[in-house]
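Please read the structure below before turning to the comments.
In the working numbering, the protein residues as written are 5 to 192.
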């Protein structure tokens with residue numbers, strides 16, 4: 005146990021120095037003892053700081069630039085769906101706007117309209133809360149796993165905005181290298 009505590013403490017010290025953040029409320033004992041909530045919180049901080057904030061460009065790590073950039077990108081990208089009425093309101097955050105799964109489904113449609121060719125009929129039927137897109141995503145084709153997404157879209161419980169943010173980022177990151185978004189999709 006003592007070796008685990010020392011090793012985890014070394015890793016936490018490194019992270020504190022690298023992040024320039026005290027990482028309040030988490031110590032080596034929490035991780036070694038298996039405190040799931042605090043460990044998951046630490047993982048979230050790492051994803052946010054080292055993956056999502058990198059898309060913020062010239063912003064300082066820790067200023068939320070990546071999250072703001074990703075939200076602005078989602079808002080701009082999904083504006084045609086808002087204008088057409090498929091999305092009820094503009095994207096303002098990563099919680100309320102994504103609760104039904106409609107915003108995420110529209111985002112998927114932007115990148116690959118062939119995955120959801122009948123998006124207007126699917127959304128008009130109010131299907132996302134009960135719709136099961138299990139075969140829609142091949143885990144190796146898109147970063148988002150099909151089972152996780154299907155379960156999440158069917159759930160009537162509120163989604164965690166952090167999970168939504170990571171899913172949106174994963175989809176964007178997967179397609180950032182694509183020279184052009186596929187055409188042939190929904191035209192309104």
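Glycine is no exception: its CB is placed at the ideal position from the N, C-alpha and C atoms.
Cβ-heavy atom distance, residue 19 to the ligand PLP, below 7 Å: Looking at this structure, you won't find the ligand PLP or any other ligand, since it has none at all.
Presumed contact (8 Å Cβ cut-off) between residue 82 and residue 111, rounded CB distance: As a working note, residue 82 is residue 78 in the chain shown. As a working note, residue 111 is residue 107 in the chain shown. Correct: roughly 6 Å between the Cβ atoms.
Exposure label - residue 7; buried when at least 16 CB within 10 Å: The sequence position of residue 7 within the chain shown is 3, counting from 1. Exposed, by the Cβ-count rule.
Cβ neighbour criterion (16 or more within 10 Å) applied to residue 10: Mapped onto the chain shown, residue 10 falls at position 6. Flag for residue 10 reads exposed.
Euclidean distance between Cα positions of residue 24 and residue 53: Against the chain shown, residue 24 aligns to sequence position 20. Against the chain shown, residue 53 aligns to sequence position 49. Using only the alpha carbons, I get a separation of about 11 Å.
Straight-line Cα distance separating residue 79 from residue 96: Residue 96 sits at position 92 when you count from the first residue of the chain shown. Residue 79 sits at position 75 when you count from the first residue of the chain shown. Answer to the nearest angstrom: the Cα atoms are 7 Å apart.
For residue 72 and residue 15, the rounded distance between their alpha carbons: In the chain shown, counting from the first residue as 1, residue 15 sits at position 11. In the chain shown, counting from the first residue as 1, residue 72 sits at position 68. If I take the Cα positions, the gap works out to 28 Å.
Backbone secondary structure at residue 88 - three-state DSSP: For the purposes of this step, residue 88 is identified with residue 84 of the chain shown, where counting begins at 1. Correct three-state label for residue 88: coil.
Nearest residue (CA-CA) to residue 89, options 77, 76, 106: Here residue 89 corresponds to residue number 85 of the chain shown, with the count starting at 1. Cα-wise, what sits closest to residue 89 is 106.
For residue 35, the nearest candidate out of 26, 49, 17, 12 (CA to CA): Indexing the chain shown from 1 puts residue 35 at position 31. Taking only the C-alpha atoms, the option nearest residue 35 is 12.
Inter-residue CB distance, residue 93 and residue 86 (contact presumed, cutoff 8 Å): What you label residue 93 is simply residue 89 of the chain shown in a count that begins at 1. What you label residue 86 is simply residue 82 of the chain shown in a count that begins at 1. Yes, they are in contact, since the Cβ atoms of residue 93 and residue 86 sit about 7 Å apart, within 8 Å.
For residue 24, the three-state DSSP class (helix, strand or coil): Reading the chain shown from its first residue, position 20 is the one you call residue 24. Correct three-state label for residue 24: coil.
Close beta carbons around residue 43, own chain, < 6 Å, minus the five adjacent residues each side: Numbered from 1 along the chain shown, position 39 holds the residue referred to as residue 43. Here the set comprises 35.
CA-to-CA distance, residue 49 to residue 186, given in whole angstroms: For the purposes of this step, residue 186 is taken as the residue at position 182 of the chain shown. For the purposes of this step, residue 49 is taken as the residue at position 45 of the chain shown. Below a pLDDT of 50, predicted positions are generally treated as unreliable, and residue 186, at 38, falls in that range; the measurement from the model is reported next regardless. Distance between the alpha carbons of residue 186 and residue 49: 33 Å.
Cβ-based burial, residue 116 [other Cβ within 10 Å; buried from 16]: On the chain shown, position 112 is the one that residue 116 refers to. When all chains shown are included, residue 116 counts as buried.
Rounded separation between residue 122 and residue 109 - CA only: Taking the chain shown and counting its residues from 1, one reaches residue 122 at position 118. Taking the chain shown and counting its residues from 1, one reaches residue 109 at position 105. Each residue's alpha carbon lies about 11 Å from the other.
Three-way DSSP call (helix, strand, coil) for residue 96 in this model: The residue you call residue 96 lines up with position 92 of the chain shown. Correct three-state label for residue 96: coil.
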